[in-house]
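Participant: For the record, in the sequence shown the residue sitting at position 123 is 1572 according to our numbering, with numbers rising by one throughout.
Supplied in structure tokens, the structure appears directly below.
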Amino acid sequence: MSNDGTVLAEHRSHEGITEVAERGFETVLEKHLSALQVPGTLPVVICGMAGSRQGWVEAGYIDTPADVTTISVNATVVPGVARRVIIIPGLAVRSLTEPDVMRGEETQLLGAHLELPGGERYCMPGTHSKWVSMNGAMVTGFETFMTGELFATISAGTMLVHSTGGEGQVDAQDPAFLTGVRDGWTRPEKTTHHLFSIRAGHLLHDRGIEENRARLSGLLIGAEFAGAGIRGGEQIGLVASGALQRLYHAALSECGVTVRDIDADVAVRRGLVESWQRFSNRSGDLKRT
1450 MSNDGTVLAE HRSHEGITEV AERGFETVLE KHLSALQVPG TLPVVICGMA GSRQGWVEAG
1510 YIDTPADVTT ISVNATVVPG VARRVIIIPG LAVRSLTEPD VMRGEETQLL GAHLELPGGE
1570 RYCMPGTHSK WVSMNGAMVT GFETFMTGEL FATISAGTML VHSTGGEGQV DAQDPAFLTG
1630 VRDGWTRPEK TTHHLFSIRA GHLLHDRGIE ENRARLSGLL IGAEFAGAGI RGGEQIGLVA
1690 SGALQRLYHA ALSECGVTVR DIDADVAVRR GLVESWQRFS NRSGDLKRT
């Protein structure tokens, strides 16, 4: 990317943290940079699991409340590599009763804040969905919900595999999905009963696999909304792309929420550029990424 955030080239892969660690972080990084014909003098900004305890170099956490615009000044410089590589730290809630962490989303959150400033609450869906509360640029707190992981596990690793088919997309406009959202949101205490009812409905009423998957997804997202304490009429920034954006936008709208959409890819790119600029201004480093 150029210093103003313009994307000059892009390269994606599905390599996970375990595979990258086995092959070597620097080796994998340089392979992808070589494919983009990136010169060896260009610095690299990294966020996410490369900074975890099992990653390249542990980047630690910044405690909340924290100013999202200054997190990167505490970035960790990777030692012993040819080019300048920094890893952005994550955020932590150090509550004794409900501790929480995020790693990678803090950079996306910075970009979202810059794209649509003034938001007080952001929803960042994924395998582990994040709900973030902000006051201006200050992250005052956040909560993580394992919605995506639960959906994958329940649909493929429990008896519901026979009723949901294990894999497949969910239509955000499917009535079964939207009804599931409302049931999960308004009656979260019955979620585990509602899950079993999916199986019973399949056996007794011949409800189809697509309908069952849609209801399962809706129930879990609705229960997430209940846990996050959403209220009809409030405004929430939705940081998402693709299928997740469509599902969460429809689900939030079903609950009467005003949704402000922020493309997740745009947000993370803007967050990375801003992070480098903040870090380099502090350290007097290069101003191009």
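Virtual Cβ for every residue (Gly too), placed ideally from N, Cα, C.
Because the structure is a prediction, the values reported are computed rather than measured.
#1: Comparing alpha-carbon positions, which option in Leu1565, Phe1674 and Pro1574 lies nearest Gly1553?
#2: Taking the C-alpha atoms as reference points, what is the distance between Val1714 and Lys1480?
#3: Would you mind working out which of Val1722, Arg1731 and Gln1726 sits nearest Leu1457, comparing C-alpha positions?
#4: Using the Cα positions of Asn1452 and Thr1596, report the straight-line distance between them to the nearest angstrom.
#5: Which value, in whole angstroms, describes the spacing of the CA atoms of Leu1696 and Val1530?
#6: For Thr1596, name the three-state secondary structure that DSSP assigns.
#7: Inspect the beta-carbon positions of Gln1557 and Ala1716 and report whether they are closer than 8 angstroms.
#8: Touching or not, the stretch 1580-1588 and the stretch 1624-1638, by the rule of three or more beta carbon pairs under 8 angstroms?
#9: Taking the alpha-carbon positions, what's the His1611 to Pro1492 distance?
#10: Since Val1588 sits in a beta bridge, which residues does DSSP pair it with?
#11: Can you give the Cα-Cα distance for Gly1489 and Ile1466, rounded to whole angstroms?
#12: What does the alpha-carbon distance come out to for the pair Leu1540 and His1651?
#13: Quick check on the burial criterion: 16 or more other C-beta atoms within 10 angstroms. Buried or exposed for Ala1689?
#14: List the endpoints of the continuous alpha helix (DSSP H) containing Ala1625.
#15: For the candidate residues Glu1673, Gly1667 and Asp1710, whose alpha-carbon lies nearest to that of Gln1684?
#16: Among the residues of its own chain, which have a CB less than 7 angstroms from the CB of Glu1464, if the five just before and after it don't count?
#17: From Thr1519, Glu1638, Ala1561 and Ile1679, pick the residue whose C-alpha is nearest to that of Arg1719; which is it?
#18: I need the straight-line Cα distance from Thr1635 to Gly1671, nearest angstrom please.
#19: Run the CB neighbour count on Ser1724, radius 10 Å, all protein chains shown included, and call it buried at 16 or more, exposed below.
#20: Nearest to Ala1499 by CA position, among Ala1649, Thr1525 and Ala1625, is which residue?
#21: Less than 7 angstroms separating the Cβ of Glu1464 from some heavy atom of the ligand ZN?
#22: When we look at the beta-carbon of Pro1548 and count the other beta-carbons within 10 Å, is it buried (16 or more) or exposed?
Facilitator: In short:
#1: Pro1574
#2: For the record, residue 1714 in the displayed sequence is Asp; it is not Val. Computed Cα separation, rounded: 22 angstroms.
#3: Val1722
#4: 36 angstroms
#5: 42 angstroms
#6: helix
#7: yes
#8: no
#9: 50 angstroms
#10: Ala1515 and Met1583
#11: 24 angstroms
#12: 43 angstroms
#13: buried
#14: Pro1624 to Thr1635
#15: Asp1710
#16: Val1477
#17: Ala1561
#18: 8 angstroms
#19: buried
#20: Thr1525
#21: By its list of ligands, the structure shown contains no ligand whatsoever, and the ligand ZN lies outside what it can speak to.
#22: exposed
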